[in-house]
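Notes for the one structure printed next.
In the numbering used here, the protein residues as written are 336 to 1072.
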């Protein structure tokens, strides 16, 4: 018996000695062993037809990231048979460092258009933007710039081109690396991928924290087209994706590897952030607090990337209130804005021949501008440009509206007035394109001429919008979008869902929050609407989103009345006559609608509905997760079917709607109309008020004095003779009179 026991002890000892170290080795290898990735470098095929062209791919290498030597780029390209073999070549550069150059035809002959280029990883910059550039020089006709605007002189870089990298070590677990690890991670290319982990009991404060965190992700990651989110309770979490845990400290206190020994206990109202490497390229981040106030502090800190980037550690305790406060800029009552007011700086369109600049201007607060609105474009250009062949053309929403020659006379202080077509002023967004043709004469097209061929668009250029004091009808373009920075309520969203504790609903809401952050460049605070759909006075001043199924969504009657398609109490759909739809054709489809808020004309209300079945819910998630689908939404109503085909419907409002103004905007408008500062208007108003009050007081005092005087006279009998005289006169009066 003792012998058997000893044998068992020896076996257990051997298992512990052999297996545990072995498993530790594998765990260590999982975190730090090399792995390979193939990363697409172009979203779409790059079609190049100029004599000299460039295609680029940008990416950032986070701190602690170690890329191995087995790295190369595989460029897939095709080209026109008209290209001259001795005049056409391709060069690859990394951060403007030349890596390799090949004749175009030789690559085609050797590899059928697949060019593999190994590059030196020593040229990559850490914690900074890197550029891989492909430069194509291509000629089809001999002669100086004979191929300019030649459609047969083409090369195409295909979207299946890829960057192959080997990773020896993944980025350090630092909060300053958070967005680079999770969202700007070039290994994951064009997708925002995260699983959000919530406590078992999810209160409204936790939901609001989740949505604010999601909108902050969108603000930082504006260029990502696809979203792959999951929302789970802690016990249901699956492996394989980066995770963000959001909730109270008490819900996550027992999770290992989240807290440093000194952080195991938080003070009252203290927030806490930490990031940990789980395995390989998978990380866990915790956003928590000892109380609701502490959780809000952590979320506010997390939502400010400028603060987050300063934390060169894996965790931080937060006691300060760092709530994001956007700068409020009231609407300019004069209607005159500089390009710089919209975030644009001077832009240099340098290089010979065709150059282009695209700009976008949102009409402030959705206020309708009227006929006579214009752009006062200011520019300068190189004096050596050929005046007879150099020109500038301005397009508004794709339509050419004005052109000018680039001459010596306007080289230093050029101006061009562009009247904005009245039809384009009905849209919230004005898209402006400026195309320049910088012509130097007969030149060698293998050179850029950046130093001598240039045109600069000045940021002091003006956009003059003559207000009609009416509001533009909202549409689904740029969905989802809200006007921001005009009042304190602009960055607040009230959201109503048919079941606010349903994890799928929270996932859809998180995707929407990220899209709003992407489209506005702002972080939003969120308020959860009660299940019955009733709004508080505070929520009525906010932008709103209602999300649900046709049968279960709860929408206030004030909003239902304005919807083109609204759920009725009996479970059917009420559809306005001007909308050519019936309930039967909406089955298994997703419905998007937008109206203006009944309480504030500058606020929007989005209503998103679908059938309560798996296919429709999956279609809803798929549509919101794909920016290419959302970019096609238009009008006031959009229907998306199972094949992801869209039907956009315009529903015109009856008559114009006057703009809702804040008190400060009313004061600014009075300043504009009177040409007097507000303090002088206040003095004048006070003087007038005091003057009127004094006149009323004196008038009343005079009447009271007169009444008292007459009363005294009557008491003393001074009026007796007058009374007798008046009676005698009355008796002696001629009856015929």
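All C-beta atoms in this analysis are idealised placements derived from N, C-alpha and C, irrespective of residue type, glycine included.
Since we're looking at a predicted model, the values are computed, not measured.
How about residue i and residue j: do their beta carbons lie closer than 9 Å?
i, j, result
"residue 846", "residue 609", "no"
"residue 535", "residue 586", "yes"
"residue 961", "residue 922", "no"
"residue 451", "residue 438", "no"
"residue 491", "residue 409", "no"
"residue 730", "residue 697", "no"
"residue 649", "residue 509", "yes"
"residue 639", "residue 656", "no"
"residue 788", "residue 717", "yes"
"residue 651", "residue 577", "no"
"residue 625", "residue 601", "yes"
"residue 684", "residue 773", "yes"
"residue 682", "residue 791", "yes"
"residue 688", "residue 622", "no"
"residue 501", "residue 371", "yes"
"residue 429", "residue 467", "yes"
"residue 414", "residue 473", "yes"
"residue 680", "residue 765", "no"
"residue 798", "residue 671", "yes"
"residue 839", "residue 956", "yes"
"residue 555", "residue 749", "no"
"residue 777", "residue 495", "no"
"residue 811", "residue 978", "no"
"residue 532", "residue 607", "no"
"residue 604", "residue 499", "no"
Under the rule that 16 or more other beta-carbon atoms within 10 Å means buried, what is residue i, buried or exposed?
i, result
"residue 614", "exposed"
"residue 1034", "exposed"
"residue 727", "buried"
"residue 612", "buried"
"residue 433", "exposed"
"residue 431", "exposed"
"residue 471", "buried"
"residue 939", "buried"
"residue 763", "buried"
"residue 990", "exposed"
"residue 357", "Note on residue 357: pLDDT 33, under 50, position unreliable in the model; the coordinate value appears next. The residue in question, residue 357, is exposed, as its Cβ has fewer than 16 Cβ neighbours within 10 Å."
"residue 360", "Summary for residue 360: the model assigns pLDDT 30, below 50, so the residue's position carries little reliability; its value from the coordinates is reported in the next sentence. Counting Cβ neighbours within 10 Å, residue 360 comes out exposed, since fewer than 16 surround it."
"residue 937", "buried"
"residue 793", "buried"
"residue 888", "buried"
"residue 583", "buried"
"residue 488", "buried"
"residue 1012", "exposed"
"residue 785", "exposed"
"residue 907", "exposed"
"residue 844", "buried"
"residue 514", "buried"
Starting from residue i, follow its DSSP beta bridges and name the residues at the other end.
i, result
"residue 1035", "None, per the DSSP bridge assignment."
"residue 790", "684 and 716"
"residue 446", "Answer is none; residue 446 lacks a bridge partner."
"residue 764", "697"
"residue 493", "None, per the DSSP bridge assignment."
"residue 1087", "Because the chain spans 336 through 1072 in this model, residue 1087 falls outside it and cannot be assessed."
"residue 728", "738 and 770"
"residue 370", "502"
"residue 909", "901"
"residue 466", "393"
"residue 926", "944 and 974"
"residue 776", "In the DSSP output, where bridge partners are listed per residue, residue 776 has none listed."
Quiz item: Curious, which full-length alpha helix (DSSP H) runs of at least 4 residues does the stretch 820 to 905 contain?
Solution: The qualifying runs are 838 to 855, 872 to 875 and 892 to 895.
Exercise. Please go through the stretch 606 to 656 and give each complete beta strand (DSSP E) segment of 3 or more residues, from N-terminal end onward.
Key: Runs found: 606 to 614, 617 to 624 and 650 to 653.
Exercise. Pair every Cβ in the stretch 911 to 928 with every Cβ in the stretch 962 to 972, then say whether three or more of these pairs are closer than 8 Å.
Key: Contact between the stretch 911 to 928 and the stretch 962 to 972 is present, because at least three Cβ pairs lie under 8 Å.
Quiz item: For the 8 Å Cβ check, are there 3 or more pairs between the stretch 792 to 809 and the stretch 703 to 718?
Solution: The answer is yes - the stretch 703 to 718 touches the stretch 792 to 809, with three or more Cβ pairs under 8 Å.
Quiz prompt | contact_flag[the stretch 846 to 859, the stretch 822 to 832] where n(CB pairs < 8 Å) is 3 or more | solution = Output reads yes: the stretch 822 to 832 touches the stretch 846 to 859.
Quiz prompt | Touching by the beta-carbon criterion (3+ pairs, under 8 Å), the stretch 392 to 403 and the stretch 458 to 477 | solution = Touching, yes, given that three or more Cβ pairs across the two stretches are closer than 8 Å.
Quiz item: Can at least three beta-carbon pairs, one atom from the stretch 753 to 762 and one from the stretch 668 to 684, be found at a separation below 8 Å?
Solution: Between the stretch 753 to 762 and the stretch 668 to 684 there are fewer than three inter-stretch CB-CB distances shorter than 8 Å, so the stretches are not counted as touching.
Practice problem: Could you pull out every unbroken alpha helix (DSSP H) segment of at least 4 residues lying fully inside the stretch 386 to 462, listed in chain order? | Solution: DSSP assignment within the stretch 386 to 462 yields the following whole alpha helix (DSSP H) runs of 4 residues or more, N-terminal first: 439 to 446.
Quiz item: Is it a yes or a no for the stretch 903 to 919 touching the stretch 863 to 878, going by three-plus beta-carbon pairs under 8 Å?
Solution: No, the stretch 903 to 919 does not touch the stretch 863 to 878.
Quiz item: Does the stretch 521 to 529 touch the stretch 558 to 566, meaning 3 or more C-beta pairs lie closer than 8 Å?
Solution: Contact check between the stretch 558 to 566 and the stretch 521 to 529: three or more CB pairs, one atom from each, fall below 8 Å, which counts as touching.
Quiz item: What are the complete beta strand (DSSP E) segments, minimum 3 residues, inside the stretch 928 to 968?
Solution: Complete beta strand (DSSP E) runs here, min 3: 939 to 945.
Quiz prompt | Validate contact between the stretch 540 to 548 and the stretch 809 to 822 using beta carbons, cut 8 Å, 3 pairs | solution = As far as the Cβ criterion goes, the stretch 540 to 548 does not touch the stretch 809 to 822, which means the pair count is below three.
Quiz item: Is the stretch 883 to 899 touching the stretch 862 to 870 in the sense that three or more CB pairs, one from each, lie closer than 8 Å?
Solution: Flag = yes, the stretch 862 to 870 and the stretch 883 to 899 touch.
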